[in-house]
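Let me begin by presenting the structure, written as structure tokens, before commenting on it.
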Amino acid sequence: MCGIVGYVGPQQAQDVVVEGLRRLEYRGYDSAGVALVSGGAIADAKKAGKLANLEKELADRPLPASGTGIGHTRWATHGAPNDVNAHPHLGHDRRVGLVHNGIIENFADLRARLEADGHVLLSETDTEIVAHLVELQVASGVDLTTAMQRVCQVLEGAFTLVAVDAEDPDRVVAARRNSPLVVGLGEGENFLGSDVAAFIEHTRDALELGQDTVVTITRDGVEVTDFHGAPVEGTRYHVDWDLSAAEKDGHDWFMRKEIFEQPRAVADSLLGRRSQAGLLQLDEMRLSDDEIRDIDKVIIIAAGTSFYAGMVAKYAIEHWTRIPVEVELSSEFRYRDPILDHSTLVVAISQSGETADTLQAIRHARTQRSRVLAICNTNGSTIPRESDAVIYTHAGPEIGVASTKGFLTQLVACYLLALYVAQVKGTRYGDEIDEVMRQLEAIPGHIETVLAGAEQVYDLAREHVGTRSVLFLGRHAGYPVALEGALKLKEIAYLHAEGFAAGELKHGPIALVEEGLPILCVVPPRGRDQLHEKMISGIQEVRARGARTICLAEEGDTRIEPYADALVRLPRVPVLLQPLVATVPLQLFACELATALGHDVDQPRNLAKSVTVE
Ligand code: F6R
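Quick note: the sequence shown, position 147, residue 190 per my numbering, numbers continuous.
Pasting the structure below:
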């Protein structure tokens with residue numbers, strides 16, 4: 044949600060900043076802008092719409108050469124997405140240029156005070172007032188670092204701010220509270236970015252910053268302080284992926300590339316999870332066996348796709364550990380006065396590690412003395428940093444706004460957590476855990492098989508270009524898969540799509556079914572329980588009312604054939620693991636249908652990758 048870049052060094056800042064914005068554009072694409080320090084003045088350019096509009100503007104009207112600059116790609120909160128509201132914003136005398144990600148909650152008060160003092164504010168944004176406030180400070184004689192510290196003390200809300208001062212050409216100053224910011228450490232140059240993708244082609248050495256910090260970068264130095272000027276340490280780390288991970292690699296969309304990366308991502312997430320003795324080990328987890336034995340309730344909190352991963356996790360954790368699990372939308376969690384104590388394990392699932400709703404939820408949980416475990420894909424992000432324990436997924440950077448490999452690797456982490464707790468608590472025998480691990484280790488190969496059948500799914504997707512509504516049905520662990528399939532279609536194809544538990548349909552939603560309505564059905568594997576048969580009953584009910592059923596069913600399931608207008612085969616896996624294979628055709632379906640409809644799959648309207656506002 045908004046991408047931010049800063050640079051000081053010998054290269055042309057405009058090129059470095061615009062390239063960084065290109066890699067962060069997935070975070071927001073309502074407008075883009077840059078500001079450079081040159082000849083004692085700020086030179087800026089900003090344009091509504093995608094980065095391409097800014098690039099055209101810069102080609103028509105190049106900015107002067109400069110080694111110091113900041114940039115921004117916006118997901119609008121305060122004010123419409125137009126040129127005037129685009130960042131950077133400048134102070135009253137155009138001395139300070141500033142970009143911002145987040146929301147300043149006391150902006151109305153601050154704005155009123157500035158206006159009373161005669162400041163003319165050009166935009167509707169909360170950001171412009173911060174530019175004015177910082178400029179007032181530097182005009183009073185302090186340097187940009189001190190100015191930023193002082194201003195941060197009066198701001199409320201969530202923010203990453205990055206600023207330059209026309210009269211201090213070799214310094215970029217940034218601040219963060221509840222919003223992401225990392226420093227890229229170069230040789231004779233330094234970088235700032237909302238995430239490391241912004242500077243990955245220049246350096247893989249990064250500095251993670253704590254909460255409420257101000258950082259100053261110059262060509263040769265990086266200094267971090269708190270909001271009162273006291274020095275604090277950042278944490279250095281090396282990024283374990285490179286530029287190629289942030290490129291499309293011959294695919295038309297990042298999303299498609301990321302769907303096809305899933306065999307690898309799942310394998311990476313499983314790597315190194317077993318000791319030589321064959322026991323499950325979760326090295327980074329940081330919860331002792333005693334703490335795990337203490338757990339008598341699990342509450343999973345997450346948003347969107349991560350929430351659906353949490354729904355699958357409930358089936359797995361309850362089945363393998365017999366610990367009751369609640370799954371809760373993070374935006375709702377703390378407003379319902381949840382019952383928590385020290386023996387409740389709160390599991391926060393977040394691909395980005397920055398989702399504001401989930402972050403606030405874990406903070407609430409920690410005030411209630413619960414232990415918080417994060418399942419996260421982004422090293423150094425806020426949610427794992429503020430959690431007691433973490434399981435990192437190893438999906439690599441996910442750039443497509445619609446989550447794909449992020450979801451599958453979250454599922455893997457949830458299974459690992461469930462099995463690990465079962466191992467520690469002794470609720471499952473070692474050989475059973477071993478058997479599930481072997482089944483999990485076979486999943487990358489199964490996903491390859493599903494991907495090899497992509498053309499069949501693409502054909503089905505293209506047949507639905509004129510469709511206005513699509514339903515998804517599932518049961519048990521297939522129910523969250525149905526919800527996820529529907530979310531993918533809403534997000535990128537802008538179609539009405541809804542997922543239902545197949546058994547629930549007859550209690551109302553079946554009234555939606557009419558002649559020709561496409562319904563994608565996630566058919567559970569045949570087993571000793573009644574799931575498969577009950578699913579077939581549900582499918583019969585909708586077919587009887589004219590629906591066109593596209594069934595995802597395991598190899599060898601002949602019983603489903605009479606009820607499927609189209610049949611996509613899935614590899615045979617146990618019901619609890621089926622989401623790992625059944626989700627993939629639904630991702631392919633959404634991606635291809637959105638492409639056929641002419642939509643921008645990687646940058647769907649109104650969305651942003653990481654939602655850092657509540
Ligand atoms: C859907 C999607 C979103 C995210 C949600 C949570 O494709 O990407 O629904 O899953 O915003 O994001 P994280 O997992 O980063 O907390």
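Don't be surprised by glycine CBs; every beta carbon is placed ideally from N, CA and C.
Per DSSP, residue i forms a beta bridge with which residues?
{"i": "Y50", "result": "G112, F234"}
{"i": "T256", "result": "R219, D269"}
{"i": "L388", "result": "V341, R414"}
{"i": "Y280", "result": "A249"}
{"i": "A544", "result": "G517"}
{"i": "I562", "result": "L514, T592"}
{"i": "S81", "result": "A84"}
{"i": "L228", "result": "N233"}
{"i": "F202", "result": "G145, R220"}
{"i": "R317", "result": "L323"}
{"i": "V368", "result": "V341"}
{"i": "P274", "result": "T268"}
{"i": "G63", "result": "None; G63 has no bridge partner."}
{"i": "S331", "result": "S331 is not bridged to any residue."}
{"i": "S393", "result": "C419"}
Check residue i in the structure and name its three-state DSSP category.
{"i": "S373", "result": "helix"}
{"i": "I243", "result": "coil"}
{"i": "I582", "result": "helix"}
{"i": "D208", "result": "strand"}
{"i": "R409", "result": "helix"}
{"i": "S349", "result": "helix"}
{"i": "H507", "result": "coil"}
{"i": "D58", "result": "helix"}
{"i": "G528", "result": "helix"}
{"i": "V309", "result": "helix"}
{"i": "S287", "result": "helix"}
{"i": "G76", "result": "strand"}
{"i": "H362", "result": "helix"}
{"i": "K357", "result": "helix"}
{"i": "A404", "result": "helix"}
{"i": "A119", "result": "coil"}
{"i": "H539", "result": "strand"}
{"i": "A495", "result": "helix"}
{"i": "A485", "result": "coil"}
{"i": "K652", "result": "coil"}
{"i": "K89", "result": "strand"}
{"i": "M44", "result": "coil"}
{"i": "D295", "result": "coil"}
{"i": "I302", "result": "helix"}
{"i": "L383", "result": "coil"}
{"i": "E68", "result": "helix"}
{"i": "L106", "result": "coil"}
{"i": "Y472", "result": "coil"}
{"i": "E98", "result": "helix"}
Is residue i near the ligand F6R, going by C-beta to nearest heavy atom under 6 Å?
{"i": "T268", "result": "no"}
{"i": "S374", "result": "no"}
{"i": "V654", "result": "yes"}
{"i": "Q394", "result": "yes"}
{"i": "S222", "result": "no"}
{"i": "A445", "result": "yes"}
{"i": "T348", "result": "yes"}
{"i": "T203", "result": "no"}
{"i": "T259", "result": "no"}
{"i": "T387", "result": "no"}
{"i": "T398", "result": "yes"}
Open item on the list: In chain order, what are the residue ranges of uninterrupted beta strand (DSSP E) at least 3 long that sit wholly in the segment 415–470?
Closed with: Counting only runs of 3 or more, we get 432–435.
TODO: Quick one: which unbroken alpha helix (DSSP H) runs of 4-plus residues sit fully inside the segment 126–195? Chain order, please.
DONE: Within the segment 126–195, the complete alpha helix (DSSP H) segments at least 4 residues long are 150–159, 170–182, listed from N- to C-terminus.
Task: Minimum length 3: unbroken beta strand (DSSP E) runs contained in the segment 577–650 - done: Segments of the beta strand (DSSP E) lying fully in the segment 577–650: 591–597, 609–613.
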